[in-house]
Every structure is written in structure tokens, then in C-alpha cells.
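Trainee: Chains as they are written, first to last, in my numbering: chain C, 338 to 391; chain R, 4 to 689.
The beta-carbon is built from N, C-alpha and C at its ideal position, and this holds for glycine as well.
I'd like to ask you about the structure that follows.
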């Protein structure tokens with residue numbers, strides 16, 4: 338269980354720029370394909386990782 | 004998402020082309036449309052969902068008859084016609100025009116199931132339109148179909164939203180709406196990404212790093228298996244708990260049935276006694292009538308007898324001055340008391356003989372005396388008979404009334420008992436005990452599974468740290484490790500974000516729900532959304548919080564409060580700065596379109612629900628009948644109404660059933676008779 342006083346902002350603040358960028362990108366990719374239950378986004382997410390850490 | 008307008012073409016009873024504009028602002032967000040029973044309000048509600056998803060709610064009958072009946076009937080075989088719904092709306096700063104339509108060719112009188120085509124255009128600021136590829140997918144991203152149940156609904160069925168068994172689905176829908184679903188999906192997908200990345204590390208990272216990675220992979224596999232098992236266990240637990248709730252409910256019904264059964268038994272005994280008492284009274288009456296009934300008819304007889312007697316006395320015939328026995332003795336002695344000899348055939352003899360005829364009998368006189376003496380008691384006996392019969396009749400009536408009352412009560416109690424589903428109490432009790440045991444064992448297993456998962460996760464963290472320290476010389480492997488570390492860090496952050504969002508969402512939804520419900524209800528009930536998303540009502544009874552069984556009306560208020568709370572929270576959450584980045588201005592904004600929203604609610608509840616919804620929904624379309632909507636609803640909503648309309652019923656009935664609706668002092672057509680064909684007309688008033 339998380340510390341109840343911690344917020345989403347606290348979590349984001351502790352991430353590095355690269356981690357924060359990846360997290361945002363992952364959520365964008367997932368959100369865009371939310372309606373496709375069976376979508377396998379592994380390759381899209383992998384590409385996002387490689388974009389950030391070429 | 005905000006609706007601009009709707010256009011219906013031969014859609015169900017809406018013949019030809021009919022449009023309605025819903026454009027509104029935050030000051031007047033409401034469109035209020037009236038319509039009689041069967042006019043087409045539910046069809047209009049379903050026109051929205053058909054346009055968006057190509058589906059209609061289950062309560063719409065004859066779903067294959069999409070083309071207006073009269074249009075279909077007038078269409079020649081081989082001819083074609085179109086059925087369509089066009090919707091304009093804006094979403095997150097973009098304007099859209101959505102068209103779902105089908106060209107239908109008439110092969111027979113029976114309409115066939117349609118295969119509609121959906122098209123979507125995005126309107127640019129310069130007025131030009133651009134076709135949206137994969138239109139249905141875009142619609143799903145704007146408003147997922149599952150989530151639409153919160154925004155397009157039939158008020159009379161909305162209580163199902165918060166009924167037992169619906170939690171799982173509701174929870175899933177809310178996750179989408181409140182930005183939890185994408186986090187969960189990401190957490191599902193990231194391990195696969197990591198596995199692909201670490202394959203290079205295993206291949207080129209040298210023995211140590213490869214060994215560590217193999218161990219991490221094995222631990223991850225175990226983690227996956229454990230998580231999967233945990234999900235299964237939790238689903239089983241939910242099923243068992245639901246089953247136990249069902250059994251407990253039956254037991255409660257047994258407890259509820261016991262006093263009814265007792266009362267019914269007592270009423271049955273009383274009924275037997277009452278029937279017996281009435282039968283006894285009837286028997287007594289028969290016996291009285293058989294033995295003494297004749298007395299009732301003696302009035303005239305006694306009167307006649309008394310009159311005769313009186314007349315006889317008046318004439319001096321009674322009491323008789325000369326007794327026949329005395330005259331006969333004189334004739335037998337041949338000697339009169341005056342000394343005259345009474346020889347037969349002599350004049351004195353004949354004169355005395357004549358007296359014999361005129362003399363009275365002693366017996367007759369005695370009988371007369373006796374009869375006269377009985378006249379008075381007979382009158383008394385008549386009175387007595389009358390009183391006895393009256394008393395018996397009173398008993399018959401009293402017992403008859405008692406029988407009727409008891410029979411009615413027993414019928415009512417029978418009805419109550421019939422409504423309660425009954426099974427053997429013993430059987431139910433042992434089933435409940437068995438379920439308690441199974442639930443306990445399941446909870447134990449879930450507990451140990453959680454402990455096992457925590458251990459696996461600790462081991463993974465430890466191994467990942469070891470991996471970081473392991474020497475890796477290969478550049479490709481080093482990159483793979485760095486990427487994997489990046490993914491792991493994001494994964495941990497997402498796990499924490501999911502936990503924070505879940506708890507935050509539930510807490511805020513719970514608080515919002517309490518506030519909305521509190522404004523509407525007149526009772527001191529408090530709703531609570533549990534960690535497992537179960538919605539329940541509680542009441543503070545002397546400091547003790549007790550669960551309150553919800554009525555249909557309360558479930559509807561609870562559901563409407565829930566919808567209002569979800570709608571408000573969706574907007575708030577999307578507007579907050581979150582991991583996804585800055586939101587657009589109308590993020591999380593959705594219209595609420597509701598049919599018969601106030602159907603089962605009392606006037607005071609209608610007022611409060613109207614007020615709450617008008618103030619909370621960014622756009623509200625209310626479809627109501629005159630009986631549901633006039634009065635409190637109109638009074639509360641009118642200050643917020645931007646568009647007022649009527650679905651006019653046109654009926655072929657020839658007798659005049661026409662009716663108007665009066666709104667703000669002006670009468671508008673509501674029902675019109677003697678139409679050429681039955682149809683509905685969507686009419687905008689203001």
C-alpha cells in the first residue's frame with residue numbers, strides 16, 4: 338500500500354526526465370488504444386523505450 | 004463531448020427527416036423534451052446510442068423494424084429507402100459530424116436486419132470537413148460504449164446500475180472514465196516489453212548478468228502465475244460472497260415469513276371458530292322456527308278468537324244461563340222444577356225440549372274459559388319468539404362479518420407468503436455455514452498468495468539491484484540493461500500511481516456521492532462506496548450504523564446520484580494536471596441524456612433530482628411525459644432550459660383523442676388523432 342500522503346505529483350517528481358517522458362508516452366499509447374481490448378501494444382511500447390534511450 | 008444536434012431519417016416512428024438542436028452553454032445546459040406514452044422518447048434516446056455504436060437498449064422491441072412502418076408499407080417491392088441518424092457534437096476542441104445510415108431494399112413485407120454504415124467527419128475551423136478513418140474506433144476513444152451507460156440511460160431502469168452483481172462491470176467502466184484503465188493496461192504490457200529487452204542482456208551480458216536475468220525472468224513468471232491465481236481466487240471469493248448473500252436473503256425472508264405464518268395460523272383457527280359459531284346460530288334458528296315458528300302466525304287467530312268470545316259474552320250466550328245437562332235431567336225425570344209433569348209429546352215436554360236445544364254444554368263453556376285464558380300468554384310467546392329470532396340473527400350477522408374479515412386477512416397473508424421465496428430453513432442454514440467455511444478458506448489462500456507475491460517482488464527487486472551491479476562489457480547488453488531499468492522504474496511508478504488513483508478515485512467518488520445523495524434524499528441515509536465498489540446505504544441508529552434495504556425509488560436516487568457524481572468527477576480528474584500531460588478545456592465532459600428519469604420518484608424527489616442534475620451535468624437532455632415532467636420538474640429545470648421540445652404523437656385513431664401540453668402559458672400539440680399513419684413528430688418549441 339502506498340503512503341496515503343503521497344500524491345501522483347510526488348511520484349512523478351521523483352522520476353528522472355527520461356522516466357517521466359516514457360511514463361507519459363506509455364499512457365498516451367495505452368489511452369489511444371483503450372477501446373481495442375485485444376490490442377498487443379508490446380511493439381509500440383518497445384519503440385517508445387528505444388526512442389527515449391536510443 | 005457535447006451534443007450539437009440530431010437528425011433522424013425514417014428512424015423507427017420518426018417518419019421522414021426530423022431534427023433537433025441541443026447546443027447549449029453552461030448557464031442553460033438543459034434540453035427538455037416532452038412526449039406521451041409510446042410517443043418515441045425511448046426511441047429518441049436509442050437514436051443517440053444507435054448513431055454512436057449501432058446498438059439499442061434491450062427494452063426496445065422489434066429491433067429489426069428500423070424503417071418507419073408507414074414508409075416501409077408504402078414502399079414498392081424492389082424499391083429502396085434510407086434509415087439514418089446524424090449526430091453533430093464537439094469533443095476536446097474538435098467538431099464532429101457522425102452519420103450512421105443504411106440503404107434498405109424491400110424484398111418482402113417483413114423488414115430484414117440492417118447493416119448500417121458509419122461515417123465520421125471532423126469539421127475544421129475554416130468550415131471544411133475531413134473524413135475520419137476508422138470512425139467507430141474514434142468514437143470508442145471519445146466515449147467507450149461501456150461507459151455510455153452512465154450518460155445515456157432510461158431512468159426507470161437505472162436502479163440496475165447499483166444493484167448487486169453489477170459492481171464488476173461498473174467498476175470496469177469507471178476505470179476507463181476516470182483514467183485508471185490505461186494504467187492497468189500499461190502494467191499488463193510492460194513485463195512483455197521488459198522481457199523483449201532483457202533477451203539481449205541474457206544473450207550478450209556475460210555469465211553473471213545472464214544468470215541474474217534468468218533468475219529474474221523465472222521470478223517474473225512466478226509473479227505472473229501468482230497474480231493470475233490471485234485474480235481467479237478473488238473472482239471465486241466474489242462469487243461465493245454473492246451466493247452467501249443470496250442464501251442470507253432467503254433466510255431473512257424466512258425470518259420475515261415466520262410472524263406472517265403465525266398470524267395466518269391464528270387467523271385460520273379463528274375462521275374455523277367463526278364458521279362453527281355461525282352454523283350453530285343457523286341451526287338454532289331452524290330449530291326455533293320448526294318448533295315455535297307457528298306462534299308468529301297466531302296474531303290474527305287470537306284476535307278473531309277474542310272477538311268471538313267477546314261477542315258471545317256480549318250476547319249473553321256465555322256464560323250460558325241454562326246448562327244442557329240440567330234440562331236433560333228434567334226430561335228424563337218427566338218432572339219440571341215448577342211441578343209440571345213432562346210427558347212426552349205434551350206441550351210442556353216440547354217446551355222444555357226446546358230449551359234443551361238452546362242450553363250450553365258445560366264442556367264447551369269450560370273450553371271457552373280455558374281458551375280465553377290462553378290468549379294473553381300467546382301474545383307473550385310471540386314477543387319472545389321475535390326476540391329470540393332477533394338475537395340469533397344478530398349472531399349470524401356478527402359471525403358472518405368476522406368470517407369475511409378473516410378470509411380477507413388470510414388472502415392477504417397468503418399473498419405475502421407467496422411473494423417470499425421459501426426453501427427449507429435447515430437446508431439454507433447448512434448451505435450458509437458451508438459457504439462461510441469456503442469463504443474463510445478462500446480468504447486464507449488469498450492471504451498466503453499475497454504474502455507469496457510480496458516475497459517474489461522483493462526477490463525481483465533484489466535481483467534487479469544485483470543486475471545493476473553486475474559487470475556488463477557488451478554495449479548491446481548494457482543498453483538492454485539500461486532500457487530494462489528504465490522500464491522497471493516506470494513500472495514501479497505506474498504501480499504507485501494506480502494505487503494512488505484507485506484510492507483517490509474511490510474516496511472522491513464516495514464523498515461526491517454522499518454530497519449529491521444528501522441533497523436529494525429526505526431520509527437520514529448515507530451511501531457508501533466500499534473498496535470493492537459495492538454501493539450500500541446506511542443509517543445511524545443510536546450511534547450504530549445499520550445497513551438499509553433499498554427500495555426501487557431509493558436505488559434510482561442512488562443511481563442518479565452516482566451518475567451525477569461520476570460525471571462531475573470525470574471532469575475534475577481530467578482537468579487536473581496528471582501524468583498524461585495537460586488536459587484540454589472540456590476534457591471529461593459528457594452529456595447526460597435520460598428518458599423517464601423521474602418515473603418512480605415522488606414529487607419532492609423529482610424536485611431535488613432535477614435541481615441536482617441541472618446544476619451538475621455540463622449538458623442535460625431530459626425526455627419526459629406530461630405526468631412525469633410538469634410540476635416540479637419543469638419548475639426546477641426551466642431556469643436552465645435552452646431548448647424545449649415535444650415528441651408529438653400522431654395517431655390513426657379516428658375518435659378525437661387530441662391533447663395539448665401547456666408550457667409557460669402556451670398550448671402546444673401533444674397528441675393528434677385521425678392521422679394518415681401512426682408516427683412521431685419531433686418538434687422544437689424554443
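1. What ranges does the alpha helix (DSSP H) occupy inside the segment 314-387 of chain R, keeping only unbroken runs of at least 4 residues that lie completely in it?
2. Would residue 284 (chain R) and residue 398 (chain R) qualify as a contact pair, given that the criterion is a beta-carbon distance under 7 Å?
3. Going along chain C, which residues have a C-beta under 8 Å from residue 694 (chain R)?
4. Using a cut-off of 7 Å between C-beta atoms, extract the partners of residue 355 (chain C) located in chain R.
5. Taking just the CA atoms, how far does residue 591 (chain R) sit from residue 575 (chain R)?
6. Between the segment 42-52 of chain R and the segment 106-118 of chain R, are three or more C-beta pairs nearer than 8 Å?
7. Which first and last residues belong to the alpha helix (DSSP H) in which residue 51 (chain R) is found?
8. Taking 7 Å as the CB-CB cut-off, is residue 624 (chain R) touching chain C?
9. Which chain C residues are close to residue 196 (chain R), counting only those with a beta carbon under 8 Å from its beta carbon?
10. Flag residue 368 (chain C) as yes if its beta-carbon sits less than 7 Å from any beta-carbon of chain R, otherwise no.
11. Among R:28, R:260, R:71 and R:22, which has the Cα closest to the Cα of residue 51 (chain R)?
12. Establish whether the CB of residue 184 (chain R) and some CB of chain C are separated by less than 7 Å.
13. Report the three-state DSSP secondary structure of residue 597 (chain R) (helix, strand or coil).
14. If you reduce the DSSP assignment to three classes, tell me which class residue 195 (chain R) lands in.
15. Could you tell me the alpha carbon to alpha carbon distance between residue 301 (chain R) and residue 379 (chain R), rounded to whole angstroms?
16. Report the rounded CA-to-CA distance for residue 361 (chain R) versus residue 347 (chain R), giving the unit in angstroms.
17. Based on the DSSP output, what are the partners of residue 36 (chain R) in its beta bridges?
18. Just to confirm my understanding: we take residue 80 (chain R), look at its own chain, exclude 5 residues before and 5 after, and list those with CB closer than 8 Å. What are they?
19. Pairing CB atoms from the segment 140-156 of chain R with CB atoms from the segment 363-372 of chain C, are three or more of them under 8 Å?
20. Contact defined as beta carbons within less than 8 Å: I believe residue 497 (chain R) pairs with residue 230 (chain R). What is the distance between those atoms, to the nearest angstrom?
21. Please report the residue range of the alpha helix (DSSP H) in which residue 257 (chain R) lies.
22. Could you tell me the alpha carbon to alpha carbon distance between residue 427 (chain R) and residue 435 (chain R), rounded to whole angstroms?
23. With distances taken between CB atoms, is the gap from residue 528 (chain R) to residue 540 (chain R) smaller than 7 Å?
24. Hey, residue 133 (chain R) and residue 140 (chain R) are a contact pair by Cβ (cut 8 Å); roughly how many whole angstroms apart?
25. Please classify residue 158 (chain R) as buried or exposed, where buried requires at least 16 neighbouring CB atoms within 10 angstroms.
26. What residues from chain C crowd round residue 193 (chain R), counting only those whose CB sits closer than 8 Å?
27. In whole angstroms, what is the alpha-carbon distance linking residue 211 (chain R) and residue 464 (chain R)?
28. Is any beta-carbon of chain C found at less than 7 Å from that of residue 461 (chain R)?
29. Kindly provide the ranges of any beta strand (DSSP E) runs that are 3 or more residues long and lie completely inside the segment 100-173 of chain R, ordered along the chain.
30. What's the C-alpha gap between residue 618 (chain R) and residue 390 (chain C)?
31. Is the separation between the beta-carbon of residue 480 (chain R) and that of residue 208 (chain R) shorter than 7 Å?
32. At what residue ranges does the segment 49-98 of chain R contain a whole run of the beta strand (DSSP E), taking only runs of 3 or more?
33. Under the rule that 16 or more other beta-carbon atoms within 10 Å means buried, what is residue 297 (chain R), buried or exposed?
34. Please identify the residue among R:85, R:25 and R:27 whose C-alpha is closest to the C-alpha of residue 19 (chain R).
35. Just the C-alpha distance for residue 213 (chain R) and residue 349 (chain C), rounded to the nearest angstrom, thanks.
36. Are the CB atoms of residue 674 (chain R) and residue 652 (chain R) within a distance shorter than 7 Å?
Mentor: To lay it out plainly:
1. 327-336 and 350-361
2. yes
3. Here chain R covers residues 4 to 689 and nothing more, so residue 694 (chain R) does not appear.
4. 489
5. 8 Å
6. no
7. 44-56
8. no
9. 379, 382, 383 and 386
10. yes
11. R:22
12. yes
13. strand
14. helix
15. 11 Å
16. 19 Å
17. R:626 and R:648
18. 109, 110 and 111
19. yes
20. Actually they are not in contact, since the Cβ atoms of residue 497 (chain R) and residue 230 (chain R) sit about 15 Å apart, beyond 8 Å.
21. 209-295
22. 12 Å
23. yes
24. In fact, because the Cβ distance is near 16 Å, the residues do not count as touching under 8 Å.
25. buried
26. 363 and 382
27. 17 Å
28. no
29. 120-126, 132-134 and 155-157
30. 48 Å
31. yes
32. 83-94
33. exposed
34. R:85
35. 31 Å
36. yes
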